[in-house]
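Colleague: Please see the structure below; I have some questions.
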Amino acid sequence: DGKGDALICRACKLLYEIVDDIPNLLIEEAKPLQEGE
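Quick look at the structure:
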């Protein structure tokens, strides 16, 4: 279903979503990484 696809940056603790097979690497749109991810 495409849900949950993302790139994770452990150094900056951010999650970057992948939309239509293209990673969205805009830091303004990145989501904070939750504990345990």
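Residue numbers for the sequence shown follow our numbering, beginning at 2 and rising by one. The beta carbon of each residue, even a glycine, is placed where N, CA and C say it ideally should be. It should be emphasised that the depicted structure is a prediction, and the values quoted were computed from it without experimental measurement.
#1: Would you kindly work out how many angstroms separate the C-alpha atoms of D22 and R11, rounded to a whole number?
#2: In angstroms with no decimal places, state the Cα-to-Cα distance between L8 and L16.
#3: Span of the beta strand (DSSP E) holding I19?
#4: By DSSP's criteria, A7 is part of a beta bridge. Which residues make up the other side?
#5: State the Cα-Cα distance for the pair D6 and N25, rounded to the nearest angstrom.
Modeller: According to the structure shown:
#1: Using only the alpha carbons, I get a separation of about 21 angstroms.
#2: Taking the straight line from one Cα to the other gives about 6 angstroms.
#3: From DSSP, the beta strand (DSSP E) with I19 extends over L15 to V20.
#4: For A7, which the question treats as bridged, DSSP gives the partners E18.
#5: Each residue's alpha carbon lies about 11 angstroms from the other.
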